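Working notes for the structure below.
In our numbering, the protein residues as written are 618 to 816.
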């Protein structure tokens, strides 16, 4: 029971940390890049988080961090990854809400006694809620991490902290399922008594 309680606290703490990191980083990027964002960052934070159902900031320049491979590019997305369902923020808000509830219930059923699942599902839930807040509040999602994948020179869609955390959590779940499947495949098959009984 003590372990279960400690993992519950860890799960909630991780979800909250992802949400705070995601929302704070988005606010700072808008403050840094939007031409009309002036004054102190504290004053801007109050202004930024009191906007609802609108995004009154204009997009600005892109700043290289590691040459052309990693840049900070301030942009917004009214759809999901790769621009899917563009312009359907309200629909995606309710989809995100349903997914967040499903992820929490999944953790309650299978992950409360597992540190691995607690971390994985906590990252996914924190990411889902982070983007859901943007969709409900602003009808768009703020993105800013712009990566060009070397060798193949693929310009990956611009993403944010919530996307990164949800992707890492999903990858961890995928690894967990693959390893579980491999363990099940290596385990000896159960033997059954196939004797035919006759009266």
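From the three backbone atoms N, C-alpha and C, an ideal C-beta is built for every residue, glycine too.
As the structure is a prediction and not an experimental result, all values here were calculated from the model.
By the beta-carbon neighbour count (other beta carbons within 10 angstroms, threshold 16), residue 663 is exposed.
In the structure shown, residue 632 falls within a helical segment according to DSSP collapsed to helix, strand and coil. The residue among 740, 767, 790 with its C-alpha nearest the C-alpha of residue 630 is 740. Residue 655 counts as exposed, since fewer than 16 other C-beta atoms from the protein chains shown sit within 10 angstroms of its C-beta. Remark: three or more beta-carbon pairs, one from each stretch, lie closer than 8 Å, so the stretch 753-771 and the stretch 679-693 are flagged as touching. Residue burial annotation: residue 667 is exposed, with fewer than 16 other C-beta atoms found within 10 angstroms of its C-beta. For residue 761, the uninterrupted beta strand (DSSP E) run begins and ends at 758-766, by DSSP. Judged by their CB atoms, residue 791 and residue 745 are not nearer to each other than the 8 Å cut-off. Apart from sequence neighbours up to five positions away, the residues of its chain that approach residue 638 with a beta-carbon distance below 7 Å are 778, ordered along the chain. Straight-line measurement puts the Cα of residue 694 at about 18 Å from the Cα of residue 649. With a cutoff of 8 Å on beta-carbon distance, residue 734 and residue 743 are scored as not near each other. Put simply, the stretch 791-805 does not touch the stretch 711-718. Fewer than three CB pairs are less than 8 Å apart.
Assignment of beta-bridge partners to residue 689 by DSSP yields 680, 762.
If you check the CB distance, residue 724 and residue 708 do not come in under 8 Å. Listed in chain order, the alpha helix (DSSP H) runs fully inside the stretch 732-799 are 732-755, counting runs of at least 4 residues.
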